[in-house]
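Engineer: Top line first, the protein sequences correspond to chains F and L.
Each residue of the first sequence is one higher than the last, beginning at 15 in my numbering.
Each residue of the second sequence is one higher than the last, beginning at 15 in my numbering.
Number of protein chains: 2
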Amino acid sequence: MSEHMLQDALDTLKQSGVRITPQRHAILNYLVTSEAHPTADEIYKSLASNFPNMSVATVYNNLRVFLSVGLIKELTYGDASSRFDFITHDHYHIICDSCGDIVDFQYPGLEEVEQLAAHITGFKVNSHRLEVYGTCPTCLATKENIK
Amino acid sequence: MSEHMLQDALDTLKQSGVRITPQRHAILNYLVTSEAHPTADEIYKSLASNFPNMSVATVYNNLRVFLSVGLIKELTYGDASSRFDFITHDHYHIICDSCGDIVDFQYPGLEEVEQLAAHITGFKVNSHRLEVYGTCPTCLATKENIK
DNA sequence: AAACTGATTATAATGATTACAAAGTAATAA
DNA sequence: TTATTACTTTGTAATCATTATAATCAGTTT
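1. By alpha-carbon positions, which one of L:Asp115, L:Gly31, L:Phe65, L:Tyr121 ends up nearest to Pro151 (chain L)?
2. Under a three-way DSSP split, which group does Arg38 (chain L) fall into?
3. Which bits of chain F does Pro151 (chain L) rub up against, with CB to CB less than 9 Å?
4. For Glu49 (chain F), decide whether its Cβ has a neighbour in chain L, counting only Cβ atoms nearer than 9 Å.
5. Which same chain residues, not among the five before or five after Ser48 (chain L), have their C-beta less than 8 Å away from its C-beta?
6. Is Ser30 (chain L) near Val117 (chain L), with beta carbons less than 9 Å apart?
7. Just to make sure I have the definition right: I need the residues of chain L whose C-beta is within less than 7 Å of the C-beta of Tyr91 (chain F). Which are they?
8. Given Val73 (chain L), which residues of its chain have a CB within under 7 Å of its CB, disregarding the five upstream and five downstream residues?
9. Taking DSSP as the reference, what is the three-state secondary structure of Asp99 (chain F)?
10. Cutting at 6 Å between CB atoms, please list the residues of its own chain near Ala94 (chain F), excluding the five before and the five after it.
11. Show which residues of chain L have a CB atom less than 9 Å away from the CB atom of Glu56 (chain F).
12. Quick check: the segment 117-126 of chain F against the segment 119-138 of chain L, are there 3 or more CB pairs under 8 Å?
13. Would you kindly report the start and end of the unbroken alpha helix (DSSP H) that includes His142 (chain F)?
14. How would you label Cys110 (chain F), buried or exposed, when you count the other beta carbons within 10 angstroms and need 16 or more for buried?
15. Just how far apart, CA to CA, sit Lys161 (chain L) and Tyr44 (chain L)?
16. Would you please state the rounded distance, in angstroms, between the beta carbons of Phe80 (chain F) and Gly148 (chain L)? I believe it to be under 8 Å.
17. Consult DSSP for Lys161 (chain F) and reduce its assignment to one of helix, strand or coil.
18. Applying the criterion that 16 or more other CB atoms from any shown protein chain within 10 Å of the CB defines a buried residue, is Asn67 (chain L) buried or exposed?
19. With 16 as the cutoff for other CB atoms within 10 Å, does Ala155 (chain F) come out buried or exposed?
20. Whole angstroms are fine: how far does the CA of Leu85 (chain L) sit from the CA of His39 (chain L)?
21. In chain L, which residues lie with their C-beta within 7 Å of the C-beta of Leu130 (chain F)?
22. Taking C-beta to C-beta, are His142 (chain F) and Glu88 (chain L) nearer than 9 Å?
23. Under DSSP, the alpha helix (DSSP H) around Asp22 (chain L) begins and ends at which residues?
24. Does the beta carbon of Gly84 (chain F) sit closer than 9 Å to a beta carbon anywhere in chain L?
25. Could you give the C-beta distance for Phe119 (chain L) and Ile108 (chain F), rounded to a whole number, given that I count them as a contact under 8 Å?
26. Restricting to Cα atoms, I'd like to know which of F:Thr90, F:Thr102, F:Glu128 is closest to Glu17 (chain F).
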């Protein structure tokens, strides 16, 4: 399952004329198999055992490559560092205000909003970003226990 | 009009037990009257003539105060610095990929999405964030001229 | 094999944001 | 009014993510 996704991603890279290095393979693989939404540093640290000589710059460079090819998405928040998400199906994120956990959920695309925005503002719309914030079940439970 | 909004904001601060200093007054006023969505540094520079001794830290400190009281919103993107937006009515932003310009537009709240997300994930939902990306009319015109 | 292009590495630089300590200012109590 | 207290601002140093740069390396093409 995830092997197929990885293979697809590698094919996309090849078609875009991007050389597939061991580092790129490893970073992509990490993004595909990771359930979480890792930061550049998390990726760097996780691969350190297999690639002791890999530089942080390599991680950033390649994340930018993957971004430009459209394989991954960058998630930004005010405080922390950017997180990166391998793009599979169209899905959105819900983020816990309390512990920062990010969970995926599906929702039919919001073309309606895009169209309205285009109409009102005169922009040519490319994409949109939607995130929901709240408290995750775990934190909810903890809070109740404290009370 | 904007004076009324400023007054409301000052009242809210008072009710929250936050002292109203000249610096806070000025920063709030700048946020209310500004059509744009300024960065902390822009606010700092714009007020430098009236407050030659004001520290950047003061701007950041007070933006955090305003955030916690719920008077303003923080907008974050991958590359640049955070931008801050005085909260008036519920509105969303459309951002130009090419020049970074941010334009407001109204849209009925997406409670539907929030409810669905809550149902699927078990989160207690607080809020959401929606942004649309595209190319603004000005940049569109420029591109066509270049072609 | 030589030359070329692109990738990685190591490290320095940048830039936004935060932390911290000292000094200032308003509010409150004695 | 004076003393005390709590909150603010200021200035500067520190932090941390990200980017730039130059040197080295690897794969590909001629």
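Glycine is no exception: its CB is placed at the ideal position from the N, C-alpha and C atoms.
Structural biologist: Concretely, from the data shown:
1. L:Asp115
2. helix
3. Identification of chain F residues near Pro151 (chain L) by a Cβ-Cβ cut-off of 9 Å yields Thr135, Gly136, Phe137, Lys138, ordered along the chain.
4. no
5. Phe100
6. Their beta carbons are not under 9 Å apart, which means Ser30 (chain L) does not touch Val117 (chain L) by this criterion.
7. Thr90
8. Ile41, Ala54, Ile57, Tyr58
9. strand
10. none
11. Near Glu56 (chain F) there are no residues of chain L at all, since even the closest Cβ is about 17 Å away, more than 9 Å.
12. yes
13. Premise fails: His142 (chain F) lies in the beta strand (DSSP E), 138-149, not in any alpha helix (DSSP H).
14. buried
15. For Lys161 (chain L), the pLDDT reaches just 40, beneath the cut-off of 50, and the residue's location in the model is therefore unreliable, leaving the point undetermined.
16. With 8 Å as the limit, Phe80 (chain F) and Gly148 (chain L) do not qualify as a contact, their Cβ atoms being about 22 Å apart.
17. Because the pLDDT at Lys161 (chain F) is just 40, under 50, the model does not fix this residue reliably, and the value given afterwards should be weighed accordingly. Lys161 (chain F): coil per DSSP, three-state reduction.
18. Result: exposed.
19. exposed
20. 13 Å
21. The answer, in chain order, is Tyr121.
22. no
23. 16-29
24. no
25. Not confirmed; about 24 Å, so no contact.
26. F:Thr102
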